[in-house]
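Input: a single structure, listed below in structure tokens.
Chains as they are written, first to last, in the working numbering: chain E, 1 to 272; chain C, 273 to 544.
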């Protein structure tokens, strides 16, 4: 029976695109429905530096770090994620015979989000409110559009930009975008690729890999991990809440069949 | 009866996007099928300058000028046209209620092209052959894909990047891309917007506007005009050859209903 598999591959994390594309070709040829979601934070940082508008980051009181996205940063972000990562990921997939189709949340209103009216930023120990930030939290995914693309034989490749109620482009977290898409499709698997073998109890010791996390252990694990991994675990929880059967956090940096290995149980698996 | 209207709007020419988007909303609400094709050469030049990789141009022996697109320039071009122009044109259309959907020729192999194996460049009066140029000439348009997008209620917004037989991204001329798409769809109208009222017998005198060009006069007109306008007239001819009923070269820089005015006969009209 056809499985629906949503795969998030990295921006910042040094994930290798070519072995992933090879595995996507294999899964698609087996008849699986695949959606790819990518990041692009590293490219956005590099482009920001190159054009003289370097990235700025916000640390929230609850310990998350996010990009401060004013209008000019949103342009840089769109050029990096839609223009570079998405375009050339589609190219790489087409080169291995996958009929990839790039889009972002603006296109056909794929991902509708609520813009954060103000974002709390911790600066020198004080909380400051930022009001010109084009970031948001996804509310709904246009499942009919994805189904329509599947009907046309296309493999959607999604950039982490959503559309607000006022139709502004918003920077959204790619792990959580992948989680929302997986939930909307009631996916069999959500795979969150990173550059480590999964969640490590004693980072960076690979022997401390946690192979399985039960739903009621997730909150404990969120407090165990740091930085980007916090958002992945949060995404895993949101996906399970949304009806996804299985979430796997796995190593996307291996040259050796990263998706096949993850599906075979290498990584950290979450299920209800 | 539903008309199919393909509209090329400029990159370089200072075309105003907002009045065009308003008119697109009007046409779509009347039930017309609309495809937009955009350029982006000016943005690509600006981005090339900003990242320290300025655009280089090739003059062909037959008098056409085109962008020299090595691999790095292709990246810059993709960031400018897919990342910036396409993304924010889709945003502008969504803001006026048009369910726009951005794509380029890589996506679902919308536009297949043959890469130019070598490009002749006139340099200091001598002809040089350039072999690392990622430019091409479109052979086929995936009409089924466009029809599929129409079925989903989407308005395609197409960036001028095609896919080669080897699945490489290729920079293609946007006017001729629009002509090929219009031909593939057997469009009723192809509209090529520019920043002048149409073809001017005595450029830049607006009183010298040529209101109508018969098919057998096109070759004469090609020799009359210069620069970008040559490609537009060539595109007009290709479109008529491909079965498009009418081609209009019109002013896209007016604030006052540019598409409505063009359809009402303001501009230079070509038909067989």
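Where a beta carbon is used, it is the ideal one built from N, C-alpha and C, also for glycine. The structure displayed is predicted, hence computed values, not measured ones.
Within 7 Å of the CB of residue 95 (chain E), the CB atoms of chain C belong to 439, in sequence order along the chain. Closer than 9 Å to the CB of residue 512 (chain C) there is not a single CB belonging to chain E. Secondary-structure assignment with DSSP links residue 338 (chain C) through a beta bridge to C:330. Proximity of residue 151 (chain E) to chain C, defined by a Cβ-Cβ separation below 9 Å, is satisfied. Residue pairing from DSSP places residue 112 (chain E) in a beta bridge opposite E:140, E:163.
For residue 371 (chain C), the closest Cβ of chain E is nearer than 9 Å. One Cα belongs to residue 492 (chain C), the other to residue 525 (chain C), and the distance between them is close to 26 Å. For residue 458 (chain C) and residue 424 (chain C), the gap between their C-alpha atoms comes out near 20 Å.
Residues of the segment 159 to 187 of chain E whose Cβ lies closer than 8 Å to any Cβ of chain C, in chain order: 161, 163, 166, 167, 168, 169. The beta carbons of residue 312 (chain C) and residue 352 (chain C) sit closer together than 9 Å.
According to the DSSP assignment, residue 521 (chain C) belongs to the beta strand (DSSP E) that extends over 518 to 523. What residue 72 (chain E) touches in chain C, judged by beta-carbon distance under 7 Å, is nothing: the nearest beta carbon there is about 12 Å away.
Considering only beta carbons, the part of the segment 378 to 412 of chain C lying closer than 8 Å to chain E consists of 378, 379, 380, 381, in chain order.
The beta carbon of residue 35 (chain E) does not come within 9 Å of any beta carbon belonging to chain C, so the residue lies off that interface. Residue 148 (chain E) places its beta carbon 9 Å or farther from that of residue 113 (chain E). The Cβ of residue 289 (chain C) sits no closer than 9 Å to any Cβ of chain E. Contact note: residue 104 (chain E) reaches chain C through 359, 362, 374, using a C-beta cutoff of 9 Å and chain order. For residue 145 (chain E), a Cβ of chain C is located within less than 9 Å of the residue's own Cβ.
When C-beta atoms of the segment 503 to 523 of chain C are compared with those of the segment 463 to 476 of chain C, three or more pairs fall below 8 Å, so the two segments count as touching.
Closest option to residue 319 (chain C), judged by alpha-carbon separation, among E:46, E:45, E:44, E:51: E:51. Contact between residue 442 (chain C) and residue 387 (chain C) holds, since their C-beta atoms are separated by about 6 Å, short of 8 Å.
Under a criterion of Cβ atoms nearer than 9 Å, the residues of chain E adjacent to residue 352 (chain C) are, in order, 79, 83. Relative to the Cα of residue 448 (chain C), the nearest Cα in the group C:357, C:501, C:314, C:344 belongs to C:501.
Fewer than three beta-carbon pairs drawn from the segment 323 to 343 of chain C and the segment 258 to 268 of chain E are found closer than 8 Å, and the two stretches are therefore not classed as touching.
Counting only the Cα atoms, residue 436 (chain C) lies some 32 Å from residue 73 (chain E). As for any beta strand (DSSP E) of minimum length 3 sitting wholly inside the segment 443 to 525 of chain C, the runs are 461 to 466, 484 to 486, 518 to 523, ordered along the chain. The residues 183, 186, in chain order, have a CB closer than 8 Å to that of residue 243 (chain E) in the same chain once the five nearest residues on each side in sequence are set aside. Residue 539 (chain C) has a beta carbon lying at 9 Å or more from every beta carbon in chain E.
Spatial neighbours of residue 120 (chain E) in its own chain (CB-CB distance under 7 Å, excluding positions within 5 residues in sequence) are listed in chain order as 60, 61, 127, 129. At a cut-off of 9 Å between beta carbons, residue 531 (chain C) makes no contact with chain E. Flagged as an interface residue toward chain C: residue 51 (chain E), by a C-beta distance shorter than 9 Å. Within chain C, the residues whose beta carbon sits less than 9 Å from that of residue 154 (chain E) are 379, 380, 417, 420, listed in sequence order. Remark: C-beta atoms of residue 431 (chain C) and residue 511 (chain C) do not approach each other more closely than 9 Å.
By the CB criterion at 9 Å, residue 89 (chain E) and residue 102 (chain E) fall inside the cutoff.
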